[in-house]
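Under my numbering, the first residue of the sequence shown is numbered 440, with each subsequent residue one higher. For every residue, glycine included, the Cβ atom is placed at its ideal position computed from N, Cα and C. For clarity, every value in this text was computed on a predicted model and none was experimentally measured. Before any comments, here is the structure.
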Amino acid sequence: MEVAQWNNPVYRETVLIVLVFLFLLGSIFFVFHRKNAAFLGTWASLKSWLFAAPVILLVLGLPYGWALASLTLVAIFGSKTFFQITGMYHRSNFVWICYIGIAALAYAIYIDWHRLYDLMPMIFLFTICMVPLIRNNYIHMIQYIALTLIGFSLLGWNFMHLGWILKLDNGPFLLIYIILLTEFCENALMASSKLFGHIKPFSRITSKRTLEGFVVALFVTVALAWGMRHLMPSGFRSPPFWIASGIVAACGGALGDLVLTVVRRDLGIKQVGAFIIGRGDFLRRVDRLIFVAPIYFYVMKYMFSLGPMD
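Shown next, in the form of structure tokens:
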């Protein structure tokens, strides 16, 4: 029988500490955003997290099956947004195959079938390659197949590794930890790039991210990982753990944001709709996790031998 994390007093204490931390951090940036425009984006994002964090923490405290179902809905909604911004939402065959593929990933996670999960990208590619044959149509099919595979790979297979993380020993704590680190790093990167940034290694993709900003954000995120280590159970407080967590959050988060920025820039799109109060569309709330999730899962699984190894 699945047990809700809310029955765990340590989880309830962790939730309280996280909410207090976000409130205090938000209060600090509320003061600074009035004095310096560099903190406007950070304040907007933190403001959104004051609304979103209680919902996320509530969901992660549910029995495992419900928490996994919630992650699956997030992945499906993220893929829906991806299809909307790429102009593919009207191609219902590809869209529904992607939704079904994400649901199949969730099922594989739930029954602990690693081999099926790892095979899903190939199964998915074979399936969408059948669409042109069944429809007896070739027009634009290469573009449709390529975009559908990208959407499934990033927002399905990659992102749904959060479900595997959730299944590891003390998974909900790991998930809270890495999500907070990733979001904090993004805000630190944006603010420090505006304050100190000069070198723009990806200037043709985005001018908002600088080398100096990334270096500052990396060190600040690792420092925060050290400061937040007491939120974790006692076996997760060693230097290798919090250093690895900080590095994965910083590097993986920046990579995910850059990759989807390439998609947006190529399509001439900035954002679509508003998910929660703050900057960016729904996709911007999850893009930083599309590489963090698989990297963090395998780091935790093999470096720290968490969960089943099969």
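One thing to note: Leu594 has its Cβ no nearer than 7 Å to the Cβ of Ser531. Listed in chain order, the alpha helix (DSSP H) elements of length 4 or more contained wholly in the segment 518 to 591 are 531 to 549, 553 to 574, 580 to 591. Taking C-alpha positions only, Leu458 is separated from His529 by approximately 40 Å. Relative to the Cα of Trp603, the nearest Cα in the group Lys633, Val738, Cys624, Pro672 belongs to Val738. The C-beta distance from Ala664 to Ser684 rounds to 5 Å, short enough to meet the 8 Å contact threshold. For Leu501, there is no enclosing alpha helix (DSSP H), since its DSSP letter is neither H nor E. Distances from the alpha-carbon of Glu625 to those of Gly590, Val661, Arg676 put Val661 closest. The beta-carbon separation of Leu510 and Met569, rounded to 28 Å, does not stay under the 8 Å limit for a contact. The beta carbon of His637 sits closer than 7 Å to those of Thr649, Glu651, all from its chain and outside the five residues before and after it, given in chain order.
Between Ser646 and the set Met671, Arg704, Leu614, the nearest pair of CA atoms involves Arg704.
Comparing alpha-carbon positions, the option among Arg724, Gly707, Asn576, Val513 lying closest to Asp696 turns out to be Arg724. Distance from the CA atom of Thr566 to the CA atom of Phe522, rounded to whole angstroms, is 18 Å.
Around the CB of Pro733, 16 or more other CB atoms lie within 10 Å, so the residue is classed as buried. Sorting Met667, Phe490, Ser592, Gly500 by C-alpha distance to the C-alpha of Pro448 places Gly500 at the top.
Taking the Cα of Lys633 as reference, the smallest distance to any Cα among Leu614, Tyr556, Phe653 is reached at Phe653. Spatial neighbours of Val442 in its own chain (CB-CB distance under 8 Å, excluding positions within 5 residues in sequence) are listed in chain order as Pro502. Going by DSSP, His600 is part of the alpha helix (DSSP H) stretching over 600 to 606. One thing to note: Ile515 has its Cβ no nearer than 7 Å to the Cβ of Ile536. Here Asp726 is buried. Its C-beta has 16 or more other C-beta atoms within 10 Å. DSSP places Lys633 inside the alpha helix (DSSP H), whose first and last residues are 610 to 635.
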